[in-house]
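Colleague: The structure's right below; bear with me while I get my questions together.
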Amino acid sequence: MSHLLLFVTLLGVFGLGYLQGGPVLGLFLAGLGLLLGRGLRPARPPQVEEPPSPEADPEEVEEAPEGLSSEQQRAFLAVTQTPHPAHLITGPAGTGKTTLLYALQEFYKGRAVTLAPTGTAALQARGQTVHSFFRFPARLLRYRHPEDIRPPGPHSPLRKAMEQMEVLILDEVGMVRVDLLEAMDWALRKTRKRLEEPFGGVKVLLLGDTRQLEPVVPGGEEALYIARTWGGPFFFQAHVWEEVALRVHRLWESQRQREDPLFAELLKRLRQGDPQALETLNRAAVRPDGGEEPGTLILTPRRKEADALNLKRLEALPGKPLEYQAQVKGEFAETDFPTEAALTLKKGAQVILLRNDPLGEYFNGDLGWVEDLEAEALAVRLKRNGRRVVIRPFVWEKIVYTYDSEREEIKPQVVGTFRQVPVRLAWALTVHKAQGLTLDKVHLELGRGLFAHGQPYVALTRVRRLQDLSLSRPIAPTELLWRPEVEVFETRIQEGIWQKSHGWPSL
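Structure representation (structure tokens):
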């Protein structure tokens, strides 16, 4: 068993270094460091908790909001009707995690802070990025290191918000790196002066899917430090889970693929690594010229490939281009822009819509073609229903959370805005940009190949039906990349609870 543990551990760390392009020697040292580095921090015995109590029956509790499926209601009630301090809401792509997030935000309004790991995810979650809220430096955050994790000053509005918050909602937790989660835990403990309580006594609600895109990990010494300190980059490898159990609530009902149950079942089997499912997918979906079909959005693994394709298609269109200039005010980093600040369009350009229309005429993820261009508006013919809609500039708000002493509640404060027409050129997008979107028709252009955990799964799950998906070539079994740490975690949480044992991973 010990030899098997060594092999799996080295394999997991090797995968980390390989995906980041590190040298072979560095990979070996990372694996060796993982075995040796557990002496870096004092050992403490895990505090094993009792198994979770049965979830509340939605028919017996009237607080469940309308508009949720029965499965979403069960998860909502299980989270809100128990004092347990840590919960994970997870499930395959398209099962309605974001819908449930919005319901939880409404329930905990004035008491909760919603955070996400990236600017795009924060905008989608109607929250703030983790780094901006906690004011963490944009680098590796060493374990409980005072130079990296500094509580806010005694008169800081942030301190008041952190002291008064009751709930922390963290979206896209699968992309949250382990050092970031540990820093959140320690910052809350220090600020709230409750060092013995995980997250300083704040209830944490995590939402996300570890089968989708993984945390970004640099190579070299930083990768070695992460491997030696935690064993890997994922949030579930944090030491805090040795102190508190994470109750797991799984969503299984596909909301996105419900009109094609056979496709939903195929995706489920792919998620489980079924080689026959991959053969079935390749037979059904390989169409090298699928990207030429009208109304198709091409997904690529790399940004350069997507940008080059969009520019080529735009230049090929006749007519005069019109440039839309964004208006940026206050604090709004360029890396968080939801679309281009200088957006060049032509009649006939294929675009994707980035916001929902308040009147329901179009939705985030809708595909269409530009029919008319004006200085402050454009007309788009939607692929979904053929309707012509007028798109006007939209204002995205960058928020920070503050504490309102008069109302005694936490409230979002707008610190910056980005005003632009809510569209993006969409002959091609990166797989990363497509996470969270539902798309009408997708062609996966594999190019030089998929290279990261979760990439193929995210790309394949964007469409509602199998007939709306095409591949440039067969996906190789080696491209269906799953990290071994995730495989172990996904197996363990089938029991409905996660408690990290000292010295994890183990089999």
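In case it helps, full-length UniProt numbering puts the sequence shown at residues 1 to 507.
The beta carbon of each residue, even a glycine, is placed where N, CA and C say it ideally should be.
Small disclaimer: the values here were computed from a predicted structure and weren't measured.
1. Below 8 Å on the Cβ atoms is my guess for VAL463 versus VAL442; work out the distance and round it to an integer in Å.
2. Using the beta-carbon count (16 or more within 10 Å), is ASN385 buried or exposed?
3. Taking only runs that begin and end inside the segment 277–322, name each unbroken beta strand (DSSP E) of 3 or more residues, in chain order.
4. Span of the beta strand (DSSP E) holding ARG258?
5. Note down, in chain order, each residue of its chain lying with its Cβ closer than 6 Å to the Cβ of GLN72, except the 5 sequence neighbours on either side.
6. Considering PRO412, what are the terminal residues of the beta strand (DSSP E) in which it resides?
7. Can you tell me whether DSSP reads THR461 as helix, strand or coil?
8. Closest by CA to LEU168, which one among ARG271, THR80, ARG74?
9. Less than 6 Å between C-beta atoms, sequence neighbours within five positions excluded: which residues of the same chain meet that for VAL486?
10. With a threshold of 16 other CB atoms inside 10 Å of the CB of ALA375, please say whether the residue is buried or exposed.
11. Pick out whichever of TYR324, TRP186, ALA238 has its Cα sitting closest to the Cα of ALA377.
12. Return the chain-ordered ranges of every alpha helix (DSSP H) run that is complete within the segment 425–491 and spans a minimum of 4 residues.
13. Answer with buried or exposed for LYS109, where buried requires no fewer than 16 other C-beta atoms within 10 angstroms of its C-beta.
14. Helix or strand or just coil, what does DSSP make of THR129?
15. Under the rule that 16 or more other beta-carbon atoms within 10 Å means buried, what is PHE489, buried or exposed?
16. Would you tell me roughly how many angstroms separate the C-alpha atoms of TRP498 and TYR143, rounded to the nearest one?
17. Which residues share a DSSP beta bridge with GLN350?
18. Return the residue from the list GLU409, LEU345, GLY290 that minimises the CA-CA distance to VAL473.
19. Check whether the Cβ of GLY290 lies closer than 7 Å to any heavy atom of the ligand NAP, and answer yes or no.
20. By the three-class DSSP mapping on this structure, what secondary structure does LEU25 have?
21. Contact defined as beta carbons within less than 8 Å: I believe VAL173 pairs with PHE235. What is the distance between those atoms, to the nearest angstrom?
22. I need the boundaries of the beta strand (DSSP E) containing residue 545, first residue and last residue.
23. Around the Cβ of GLN272, are there at least 16 other Cβ atoms within 10 angstroms (buried) or fewer (exposed)?
24. If we count the other Cβ atoms within 10 Å of its Cβ and call it buried at 16 or more, is GLN327 buried or exposed?
25. Let me confirm a value: ALA118 is counted as buried when at least 16 other C-beta atoms fall within 10 Å, else exposed. Which label applies?
26. With a 10 Å radius around its C-beta and 16 neighbouring C-beta atoms as the bar for buried, classify TRP396 as buried or exposed.
27. Consult DSSP for GLY330 and reduce its assignment to one of helix, strand or coil.
28. In the DSSP output, which residue or residues are listed as bridge partners for GLU397?
29. Taking 8 Å as the cut-off, decide whether the C-beta atoms of LEU322 and LEU439 are in contact.
30. Would PRO92 and LYS268 be called neighbours here (beta carbons separated by less than 8 Å)?
31. CB-CB under 7 Å to GLY295, same chain, minus the five flanking residues each way: which ones, in chain order?
32. Flag this pair as yes or no: are the beta carbons of VAL351 and VAL431 separated by less than 8 Å?
Modeller: So, from the listed chains and residues:
1. The residue given as residue 463 occupies position 463 in the sequence shown. The residue given as residue 442 occupies position 442 in the sequence shown. So it is a contact: roughly 5 Å between Cβ atoms.
2. Within the sequence shown, residue 385 is the residue found at index 385, counting from 1. Exposed, because fewer than 16 other Cβ atoms sit within 10 Å of the Cβ of ASN385.
3. 297–300
4. Numbered from 1 along the sequence shown, position 258 holds the residue referred to as residue 258. Counting along the chain, ARG258 falls outside any beta strand (DSSP E), and DSSP gives it neither H nor E.
5. Residue numbering aside, residue 72 sits at position 72 when the sequence shown is read from its first letter. Hits under 6 Å: GLY96, LEU100.
6. Position 412 of the sequence shown holds residue 412. Where PRO412 is concerned, the enclosing beta strand (DSSP E) stretches over 409–420.
7. As a working note, residue 461 is residue 461 in the sequence shown. Three-state DSSP puts THR461 in coil, outside helix and strand.
8. Taking the sequence shown and counting its residues from 1, one reaches residue 168 at position 168. Comparing Cα-Cα distances from LEU168 to each of ARG271, THR80, ARG74, the minimum goes to THR80.
9. As a working note, residue 486 is residue 486 in the sequence shown. Here the set comprises THR210.
10. In the sequence shown, counting from the first residue as 1, residue 375 sits at position 375. The residue is exposed, with fewer than 16 neighbouring Cβ atoms inside 10 Å.
11. Position 377 of the sequence shown, counting from 1, holds the residue named residue 377. Checked all of TYR324, TRP186, ALA238; the closest Cα to ALA377 is TYR324.
12. 431–434, 455–460
13. Counting from one through the sequence shown, the residue named residue 109 turns up at place 109. Exposed is the call here.
14. Taking the sequence shown and counting its residues from 1, one reaches residue 129 at position 129. Strand at THR129.
15. As a position in the sequence shown, residue 489 is number 489, starting the count at 1. Under this definition PHE489 is a buried residue.
16. Against the sequence shown, residue 498 aligns to sequence position 498. Against the sequence shown, residue 143 aligns to sequence position 143. Each residue's alpha carbon lies about 21 Å from the other.
17. On the sequence shown, position 350 is the one that residue 350 refers to. Bridge partners of GLN350: TRP369.
18. The residue labelled residue 473 in the question sits at position 473 within the sequence shown. Note that residue 473 is Arg in the sequence shown, not Val. Comparing Cα positions, the closest option is GLY290.
19. Summarising the ligand content, the structure contains no ligands, and the ligand NAP is consequently not present.
20. Within the sequence shown, residue 25 is the residue found at index 25, counting from 1. Only weak support is given to the placement of LEU25: the predicted model assigns it a pLDDT of 39, under 50, and the value that follows is read from those uncertain coordinates. LEU25 falls in the helix class under three-state DSSP.
21. Within the sequence shown, the letter at position 173 stands for residue 173. Within the sequence shown, the letter at position 235 stands for residue 235. Confirmed, Cβ separation roughly 5 Å.
22. Because residue 545 is not part of the residues shown, which for the chain are 1 to 507, the question remains open.
23. Looking up residue 272 in the sequence shown gives position 272. With fewer than 16 other Cβ atoms within 10 Å, it is exposed.
24. Mapped onto the sequence shown, residue 327 falls at position 327. Flag for GLN327 reads exposed.
25. Residue numbering aside, residue 118 sits at position 118 when the sequence shown is read from its first letter. It should be noted that the sequence gives Thr, not Ala, for residue 118. With 16 or more Cβ atoms within 10 Å of its Cβ, THR118 is classed as buried.
26. Your numbering for residue 396 matches position 396 in the sequence shown. Label assigned to TRP396: buried.
27. In the sequence shown, residue 330 corresponds to position 330, counting from 1. GLY330: strand per DSSP, three-state reduction.
28. One-based indexing of the sequence shown puts residue 397 at position 397. GLU397 is bridged to THR417.
29. Counting from one through the sequence shown, the residue named residue 322 turns up at place 322. Counting from one through the sequence shown, the residue named residue 439 turns up at place 439. No, these two residues do not count as a Cβ contact at 8 Å.
30. The residue given as residue 92 occupies position 92 in the sequence shown. The residue given as residue 268 occupies position 268 in the sequence shown. Contact flag set, yes.
31. Taking the first residue of the sequence shown as position 1, residue 295 is located at position 295. Within the same chain, GLY295 has close Cβ partners LEU367, LYS383, ASP440, LYS441.
32. On the sequence shown, position 351 is the one that residue 351 refers to. On the sequence shown, position 431 is the one that residue 431 refers to. In this structure, VAL431 does not lie closer than 8 Å to VAL351 by Cβ.
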